[in-house]
Structures are given as structure tokens and as C-alpha cells.
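S.K.:
Numbering (my numbering), first residue to last: 1426 to 1790.
#1: Within its chain, find whatever has a CB closer than 7 Å to the CB of residue 1604; leave out the 5 residues flanking it on each side and keep chain order.
#2: My guess is that residue 1723 and residue 1508 are in contact by the Cβ rule of under 8 Å, so how many angstroms apart are they, rounded?
#3: Could you check what DSSP says for residue 1640 in three-state terms: helix, strand or coil?
#4: Would you kindly check if the distance between the Cβ of residue 1518 and the Cβ of residue 1557 is under 8 Å?
#5: What is the rounded straight-line gap between the Cα of residue 1673 and the Cα of residue 1790?
#6: Answer yes or no: do residue 1594 and residue 1563 have a C-beta to C-beta separation smaller than 8 Å?
#7: Restricting to runs no shorter than 4 residues, where is the alpha helix (DSSP H) found entirely within the segment 1598-1649?
#8: From the DSSP output, in three-state form, read off residue 1724 for me.
#9: Helix, strand or coil for residue 1684 per DSSP?
#10: Taking residue 1422 as the reference, give the member of 1510, 1614 and 1543 with the closest Cα.
#11: If you measure between the beta carbons of residue 1740 and residue 1761, is that distance less than 8 Å?
#12: Alpha carbon to alpha carbon, how far is residue 1683 from residue 1719? Give it in angstroms, no decimals.
#13: Is it true that the CB of residue 1448 sits closer than 8 Å to the CB of residue 1710?
#14: In terms of residues, what are the limits of the alpha helix (DSSP H) holding residue 1467?
#15: Pull the bridge partners of residue 1568 from the DSSP assignment, please.
#16: Does the distance from the C-beta atom of residue 1486 to that of residue 1551 stay below 8 Å?
#17: Using CA atoms only, rank isn't needed, just tell me which of 1466, 1622 and 1555 is closest to residue 1522.
#18: Applying the 10 Å Cβ sphere with the 16-neighbour rule, what's the burial state of residue 1706?
#19: On the CB-based measure, 16 or more other CB atoms within 10 Å of its CB, does residue 1459 come out buried or exposed?
#20: Residue 1697 to residue 1559, Cα distance in whole Å?
#21: Tell me whether residue 1600 is buried or exposed, calling it buried when 16 or more other Cβ atoms sit within 10 Å of its Cβ.
#22: Rounded to whole angstroms, how far is the Cβ of residue 1637 from the Cβ of residue 1479, which I believe are closer than 8 Å?
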């Protein structure tokens, strides 16, 4: 029987929430693989809304940050908090950027699409290693983090951690609730205006990144504060994973009389469904049969999310070079799933765990 994982302070993890993080990460990977294969053509996507996993991650983060650190500030400095969070997050940030650099330099299918001058590439690498937005690179669209696209969400995660340490942790539960309502209103207005929440990753829509961050993170923190006053829903890991999958898999909603139904749907998923899933997951127990699955899913969630995208660049260039039709490319697309999982396991086992163990030991000294 596996034992629950523990936080740095010795608290047991919410195993079901950890497992759900893994489910969401896997759905993102499937969305990228299948989406790239069909050119993200509407009507062909199997997981049309899977990018909302980012908003779900932010909600989980707010809840878990409150649980892990709210009661520790009498014996923990801001500097130590930042040190703990850097040790937790940054080793895999570095690995993701290094893998992205390798894919930029040695992608056999890139042809002349990835031809950045060496000084520009060096600048992008240095900035992305620091998790900072940087100049765009040829062959990498207009991403703010061109060597590893998902890094933009980690940049927002760092902003949320800074906001928590400097301000949010000091606010009353009522004030957090008011801020969540305001942030939710802004999120809804933007979703209705644009028609989607799939924004924040590129320079032309970078302004949307903090909009997507604010509501779920603050709400997650608020939910932790009031969790004992909320209904104790218990659905379990697998049913909640199915709910996430269905929410992501529904087709894109058409506009009705100029009203952007898709924006409304995605906003409601973030505003209502994700908080409900967090509450249900926090009160659910995986049981003996599910705990191991939740542990593995949780362990691989972050490395899977942060290391898969360099392979997606290669996959994109392969399809462009050979002009492969989706049907003929399907076997390779399917094979990419276990490849990304194996890469995530290797990243976790041989990079993340030993580096964090060493850095944690030094931090304690």
C-alpha cells in the first residue's frame, strides 16, 4: 500500500488533486499532439477546450499554496518561501528550456525555418532560463517563451507566488472573496468579448495571461480558507477526471446572433466547474486502489507538462516538411503519447528528484 506524499512541512498531499493535475497535463499533451496533427482545424479537434487546463492548474496552485504555507508565516521568511518555491519549480523550467534549445538546433525536419542568429538565440535562451519573456524566434510563432511554450504559465505561476507572499496571504478571507468576484467579472467580460480563453501565450495576447491567472489562483486560495464550510462532495479521482475530459472534449460553441457562446461556455467552466472540482477533489479519497495511480499521475504531471512541447516543435516541422495527411500521420501521433510519458518519467526520476533533493538539503542548511 503506497503512503501519501508529504509537503516540505510534513503535511499530507491531497492525493486526488495531485492525480487530477496529472489528468489535466495528459489532456493538454493529447490536445497538442492531435491538434498539431490536424492543424488545429475546428471540427477536427477531439479536445477543443483542453487549453483550459492552464486555468485549472492555477486554481489547484492557489488551493495548495494556501494549504502548504498559510500557517507557516510565523516561522518562515519571505526569502525562504521564495527559495522553497524556486527549488520546487525551477529545475524543470531549466530542463524544458534546454530541451527546447536542442530541438531548435538539431531538429532534422526544421529545414530553414529555425534560423535565428546566434546572439538572438543566446538571448532567448538566457531569458527563458530565467523564465522571462523574450524576443520571438524564427519558426516559433510569436510565443513569449519560444524555446518552451508552456513556460509562459510558469511565469504567471511565479507572479502568483510573489503576489501571495507579499499581499494575498495577509488579506482576510472576505477580501479574497471580493477580489475573486472582481477577477471573475473581468475574466467573463474578456471571454465574451474574444470568444475564447485561449490567450496569454504570445506577445499579441500577453495581456490576457494575468486575466487567466487572477480568478482561479485567488479562488483556489479562498476555497482553501473556507473548505470546511463548503459541501463535502466526494466523487473520486476517476469520475472527476472524466468530468474534466468531457468539459474539454465538447465542441466549440458557435456564435448566436453575435453573442459568443464559446466564450461564455469557457468562462463558466473556469468560474463554476473548476472550483467545484477542486472542492470535490479536496474532500475525496483515492482509496487503496486509487492512491498509487494518483501518486504516479501527480508525480508525472509537472514534468509531463513542461517537457513535452519541444517534441511538439519537432512534430510540427515533420508534418510541414512531409506535408503528411492526418490519416497517414496517425501512427506516429499515437506513438508520441508513450514517448512524452517516458520523457516525463525520465525527467522526474533523473533530473527533478535528485536536483531538488540536493537543493533542499542546501536550503535547510
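Think of the CB as a built atom: it goes at the ideal place given N, C-alpha and C, for glycine as much as any other residue.
M.R.: The answer reads as follows:
#1: Within the same chain, Cβ atoms closer than 7 Å to the Cβ of residue 1604 are found at 1643, the five residues on either side in sequence being excluded.
#2: Contact flag wrong, Cβ pair sits at about 23 Å.
#3: helix
#4: no
#5: Approximately 45 Å between the Cα atoms of the pair.
#6: no
#7: Listed in chain order, the complete alpha helix (DSSP H) runs (minimum 4 residues) inside the segment 1598-1649 are 1598-1619.
#8: helix
#9: Correct three-state label for residue 1684: strand.
#10: With the chain covering only 1426 through 1790, there is no way to say anything about residue 1422.
#11: yes
#12: 43 Å
#13: No, the Cβ-Cβ distance between residue 1710 and residue 1448 is not below 8 Å.
#14: From DSSP, residue 1467 is part of no alpha helix (DSSP H); its letter is neither H nor E.
#15: 1627
#16: Their beta carbons are not under 8 Å apart, which means residue 1486 does not touch residue 1551 by this criterion.
#17: 1555
#18: buried
#19: buried
#20: 34 Å
#21: exposed
#22: 7 Å
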